[in-house]
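Peer 1: Residue numbers (UniProt numbering): 1 to 65. Cβ coordinates follow ideal geometry from the N, Cα and C atoms, glycine included. Below is the structure I would like to discuss, written out as structure tokens.
So, in structure tokens, the structure goes:
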């Protein structure tokens, strides 16, 4: 049986622009959020636990309020 799914794309914050080093994340990986450097897409990746990533993002958002 052939799968119709395609690999999930990497994404970065809409606040990012080409002049700055940014991190990219990829959704759809069970239990973790893969993170990589946008300037070195073929470099190492960090696998952050989904709960830890959610807490990190919530902390960043609360700092902006």
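For residue 39, collect the residues of the same chain with a Cβ closer than 7 angstroms to its Cβ; drop the 5 residues on either side in sequence, then sort them by chain order.
Peer 2: 21
Peer 1: Can you tell me which of the three DSSP states residue 63 falls into?
Peer 2: Per DSSP, reduced to three states, the secondary structure at residue 63 is helical.
Peer 1: Identify whether residue 1 lies in helix, strand or coil by the three-state DSSP scheme.
Peer 2: With a pLDDT of 44 at residue 1, under the threshold of 50, the predicted position of this residue should be treated as unreliable, though the coordinate-derived value follows. Three-state result, residue 1: coil.
Peer 1: Which value, in whole angstroms, describes the spacing of the CA atoms of residue 32 and residue 48?
Peer 2: 5 angstroms
Peer 1: Is the Cβ-Cβ distance between residue 30 and residue 45 less than 8 angstroms?
Peer 2: no
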